[in-house]
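Residue numbers (my numbering): 9 to 723.
Every residue, glycine too, gets a C-beta built ideally from N, C-alpha and C.
Here the structure is laid out as structure tokens; the discussion comes afterwards.
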């Protein structure tokens, strides 16, 4: 049904003679091949998007024409699709509410005061809804930027881009050449106390340069920057600038460049830092360069460059796909779908204005909601581990802004909105059904419940062949891969100093015995002393003969001899207790699995089955069972393959590079796989899945929440 051109309320505004205030300016822009206009409010820094028809009406409002004359002229100019009087009323109402119109009537001071209070309330509510990023303005940097503009404008040229590319590419090459060293123990390096302190000093400096990049880019293309301040980002102070005037730039590439300028600065710093890191000696400078690399590359791309967060990446992405106000319009599009197809509301208005916007709006709304909710809760939980009360308050505010507030608004819409006067029963029924379905899915419907862990193919300690003394391995007496009997000699070691020491001790013992025989009849005191020396020398000789006997390495049990790196062993000096290989039976190799403390109780009490995938054959699933649990918690990791620097999941203490020690307590299980394991996969990574049956999602979440409160908050 076509919309009527006329409005019953038109007589109230027809005689008005409005015009735009002097602090309002209109800019022409193009999105997806269509012309749109942006109304910039220089007084508040806000922007309003206008259609060509709305822009035509505003351009004809000069303070002399009545609104009736303006509407009639606009209708004549757009005979095919003339603006309706209702659309015109909505337009002037919105502009009046934003204090962008003035007319021939004296201002209503009471209304102005109420509008100011309303604006202040909205600002306060916006801050409360986003407690993890509070802003505090400091001063107006625009005059300073005007004076510095001749110096930084050349940076935004082909020559500036060439220098930037040269540094960033050089940094990437250097980082690639040292990839192993850089990624060897990132978690351990980043979490050390000294590094955290250094990063806290570097972060504000890097972010200040980041924000300076935005300000300089905006000024380079004719924009203005009237606000710089400090933002408490997750309680940590960081500078910010307001470069929103770039939204009025006619070119989307200029707008994208202003939004990306901070990222460009940080990537440039990361490139320089990589070069410094590769050339500097170990010390403070090298550690600082490493932190600049991490902050300027990884954190920048994950957060500032992420379009799902309302940071730089969001504005770059919105301009790239040419969908202005992407976030708010995406949310409105989801609400439109609900109104149009679920609630069957007639006249529901879609925010889509161009072809191709629908999939972008829908996908972005869902992805951004899930991602932001997850990030907000994770950040609040992290803060709560350090400051319990404040962290809980932040978590509550984050949940209120992302979950509770939308639900309250939705409930209010269902119960009171006039749009649903004729369909309220349907809306209530659908809402109740949807709520019941969600609650059933969360609390009633059981879903598969598993715990994932990693392990390595492990040989039990009693199967390991270890040297009993120091020496040089000369010969392997049994060829690796062949069967050996219990007690059979497997290898011989050589220690010339040990042989000579035994010979010296034997000679000393023979001399002492001769002297004892001579003194036994004539000098009993001397004989007693010599007898004690003989006993002492015999004990020392016994120890050395045991060590000499230990030069022959023997099998502790019957089985297959496995010697990794057997070719390199002859001629190698081995310390006492060093492992040479294994003597294994078919049942000996097991999978030693490392489990964090949060999962150990579930694995102990509710494991119904075990499945495994070897890293070399991920397509093959092997069944298994828990053979034993190593008693007690520990921090020593069985293999470096399970640590973060080896590709595992266990964060280790970087202060002890020789021996991998977990930062948190771990528990160890031995898993026996059906059919056994071949001997040639010892030390290989294995992915383990513990099956706990089925359980609704909500009970799992409650268990995890309880663990968080017990382990993190100790309450």
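I'd like to confirm the pairing. Which residues does DSSP put opposite residue i in its beta bridges?
i, result
"residue 581", "480"
"residue 658", "651"
"residue 676", "602"
"residue 144", "238"
"residue 590", "472, 570"
"residue 632", "618, 681"
"residue 562", "497"
"residue 556", "None, per the DSSP bridge assignment."
"residue 644", "669"
"residue 27", "70, 110"
"residue 492", "567"
"residue 540", "DSSP output for residue 540 lists no bridge partner at all."
"residue 625", "622"
Comparing C-alpha positions only, which one of the options sits nearest to residue i?
i, options, result
"residue 465", "688, 91, 51, 83", "688"
"residue 519", "506, 538, 502", "538"
"residue 705", "614, 360, 331, 447", "447"
"residue 605", "351, 676, 501", "676"
"residue 64", "80, 49, 302, 53", "80"
"residue 84", "505, 657, 61", "61"
"residue 593", "568, 600, 610, 574", "568"
"residue 327", "189, 608, 293, 260", "260"
"residue 642", "108, 145, 603", "603"
"residue 600", "427, 620, 590, 583", "620"
"residue 381", "669, 681, 212, 411", "411"
"residue 485", "542, 331, 574", "574"
"residue 221", "276, 542, 309", "276"
"residue 42", "59, 28, 26", "59"
"residue 455", "331, 155, 309, 708", "708"
"residue 468", "678, 255, 223", "678"
"residue 607", "307, 460, 223, 247", "460"
"residue 476", "639, 702, 503", "503"
"residue 142", "91, 241, 203, 49", "241"
Could you spell out where the alpha helix (DSSP H) holding residue i opens and where it closes?
i, result
"residue 508", "504-527"
"residue 13", "Unbroken run through residue 13: none, as it is neither H nor E."
"residue 622", "Element bounds for residue 622: not the alpha helix (DSSP H) but the beta strand (DSSP E), 617-622."
"residue 338", "334-345"
"residue 414", "413-424"
"residue 260", "260-287"
"residue 95", "93-105"
"residue 432", "432-451"
"residue 190", "187-191"
"residue 299", "292-301"
"residue 78", "75-85"
"residue 349", "First-last for residue 349: undefined, no H or E at that position."
"residue 321", "320-328"
Could you spell out where the beta strand (DSSP E) holding residue i opens and where it closes?
i, result
"residue 158", "Taken as a continuous stretch (DSSP letters only), residue 158 belongs to no beta strand (DSSP E), being part of the alpha helix (DSSP H) at 150-160."
"residue 248", "244-249"
"residue 699", "693-703"
"residue 49", "42-49"
"residue 488", "Element bounds for residue 488: n/a, residue is neither H nor E."
"residue 55", "55-58"
"residue 39", "32-39"
"residue 232", "Here residue 232 belongs to no beta strand (DSSP E), and DSSP marks it neither H nor E."
"residue 460", "455-466"
How many whole angstroms separate the CB atoms of residue i and residue j, which I take to be in contact at a CB cut-off of 8 angstroms?
i, j, result
"residue 305", "residue 269", "Not quite, the Cβ-Cβ distance comes to about 16 angstroms (not below 8 angstroms), so this is no contact."
"residue 691", "residue 647", "7 angstroms"
"residue 45", "residue 54", "That pair is no contact at about 15 angstroms."
"residue 273", "residue 226", "The Cβ separation is near 13 angstroms, so there is no contact."
"residue 17", "residue 100", "No, residue 17 and residue 100 are not in contact; Cβ-Cβ is about 12 angstroms, not under 8 angstroms."
"residue 300", "residue 210", "6 angstroms"
"residue 488", "residue 570", "6 angstroms"
"residue 565", "residue 699", "With 8 angstroms as the limit, residue 565 and residue 699 do not qualify as a contact, their Cβ atoms being about 34 angstroms apart."
"residue 342", "residue 376", "That pair is no contact at about 11 angstroms."
"residue 338", "residue 369", "4 angstroms"
"residue 581", "residue 480", "5 angstroms"
"residue 233", "residue 153", "6 angstroms"
"residue 39", "residue 332", "6 angstroms"
Discussion item. For the structure I just gave you, are there three or more beta carbon pairs, one from the region 68-77 and one from the region 147-160, closer than 8 angstroms?
Written reply: The region 68-77 vs the region 147-160: no contact.
Practice prompt. Mind the definition here: the region 279-295 touches the region 167-185 only if three or more C-beta pairs lie below 8 angstroms; say whether that holds.
Written response: The region 279-295 makes contact with the region 167-185; the number of CB pairs closer than 8 angstroms reaches 3 or more.
Practice prompt. Count the CB pairs spanning the region 427-436 and the region 361-374 that are closer than 8 angstroms, and state whether there are at least three.
Written response: Not touching, per the Cβ criterion.
Worksheet entry | Touch test, the region 538-549 against the region 507-527, Cβ-Cβ under 8 angstroms, three pairs minimum | Result yes; three or more Cβ-Cβ pairs closer than 8 angstroms.
Item to complete: Could you say if the region 25-40 and the region 234-244 meet the contact criterion of at least three C-beta pairs nearer than 8 angstroms?
Response: Too few Cβ pairs lie closer than 8 angstroms, so no.
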